[in-house]
Amino acid sequence: MTGAVDVQALSRRELQYLAREFNLCRGNAKSETIGEHVTEFIASQADGLSRVQSALAQLSGDAKSPAAPAKPAAPVNAPEAKKTKAKQAKEPVTPKKTADAVAAKSPVEKKKTPTKKDATPAKKDATPAKKEASTPAKTTKSPSKATPVKATPPKSAATTKPESAKKATPTKATPAKPAAAKTARSPLATLKNSANTTVEALVESLDDIVFVGETRVKCITTGHEMKADRDVINAYITGKRYLRARNLKQSFASFAPMFVDHPDKDKTHLLWCNVTQTAVVRDLERVNAHINAARYQKELPVWQEEEAAKQAELEAQKEAAEKRKAQREAKKALEEEKETPVKKNAGKKRRASTTPNDGSKAKVPRSS
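What follows is the structure, encoded as structure tokens:
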């Protein structure tokens, strides 16, 4: 296949032509790369050799080039046709129509445009079309703006002078403008006043928020100060920090013994439910929701029975302990009663042994 065309013997011009003709690579590529692409094209295509020969024949202007293989060259030129179509699509079509329409309306522009069209070649028709489209667009805009604006004032001034005088009589509508301005200013003041009143009402409705000066408020629970603004206060009140501090400060003693503090000291923001043996957030809404749940309602009677049994057992143990204590105290009192007469008799005997019969006091020997 490659023996009929010596790729290495082709000139730079021929290689560039083949590259552009068959879209093998860029035309400014090296001759070696173009030659490699040409050999690959001849090997891959069934009619590649004939197409290359016909292309070289067209380039050299040889009249003996075969006509049959030249027909399949049409699909090869399809990319160029696509390029031309793409160029035509990119070029604005509407300016030509507008230029023709403007040229039909204004005879002055017809004299200028034909001279340019005759002088320019057929390939460069797109460029004057742009110029023509740009020039009439400018000319059409200026008269369109000038005619209505300049024509109307003199008519109104010349013909309708009495009408203007008649219209001037109902000038009651004119003072409405400053009134509108006043009404436009008054809502701003009312909005500010309403904003202040809403902030004051919000602060009064909250026990934890108090004013600190005129433009700042303070949270009593956390000690946080902020701007006296409704949005700022609402954002802080609904925040996690404030809710946790408020819940920690709030007492849940009324829910005991079902709900107690969490046994883990690191989880002070939680409560412990003895009924379900689960942790609950220190929040009234969450606690009430937990109480109204089906699991809590189901396990509550069982827990109450167990607690009642525990309480009865504790009371029995307490009574038994009190009985044992009373018995010990009674036994101790009996022992003390038995010991008292013995001590009295021993004291009498000791005193009798120390007193002599003659009535003199005997000397008691000292113990060494």
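Taking the numbering used here, I'd label the letters of the sequence shown as residues -6 to 361. The C-beta atom is built at its ideal place from N, Cα and C for all residues, glycine as well.
Euclidean distance between Cα positions of LEU241 and ARG234
11 angstroms
Under DSSP, the alpha helix (DSSP H) around ASP224 begins and ends at which residues?
223 to 230
Is ALA22 near ALA12, with beta carbons less than 8 angstroms apart?
yes
Less than 8 angstroms between the CB atoms is what I'm expecting for ARG223 and LEU199, so what's the real figure, rounded?
Contact doesn't hold; Cβ gap of about 12 angstroms is too wide.
Would you mind reading off the limits of the alpha helix (DSSP H) that contains VAL280?
277 to 284
Once the 5 residues before and after ARG275 are set aside, which same chain residues still bring their CB inside 6 angstroms of it?
ASN240, HIS262 and LEU264
What is the DSSP secondary structure of LYS242, counted as helix, strand or coil?
helix
For a test of the three-state rule: what should DSSP assign to VAL364, helix, strand or coil?
The chain is shown from -6 up to 361; residue 364 falls before or after that span and cannot be answered.
For GLU300 and PHE252, what's the separation of their Cα atoms in angstroms?
Rounded to the nearest angstrom, the gap between the Cα atoms of GLU300 and PHE252 is 14 angstroms.
Figure out for me which residue from THR271, ASN281 and ALA238 has the closest Cα to the Cα of SER247.
ASN281
Sequence-distant residues of the same chain with beta carbon closer than 8 angstroms to ARG5, five excluded per side:
SER24
Going by C-alpha distance, which of ARG288, GLU14, GLY20 and GLU278 is nearest PHE245?
When the alpha-carbon of PHE245 is set against those of ARG288, GLU14, GLY20 and GLU278, the nearest one is in GLU278.
Is LYS363 helix, strand or coil by DSSP?
Not covered by the structure: residue 363. The range shown for the chain is -6 to 361.
Can you give me the Cβ contacts of ASN267 inside the same chain, cut-off strictly under 8 angstroms, excluding the 5 residues immediately before and after it?
PRO250, MET251, PHE252, VAL253 and TRP296, listed in sequence order.
Using DSSP's beta-bridge definition, name the partner residues of PHE252.
CYS266
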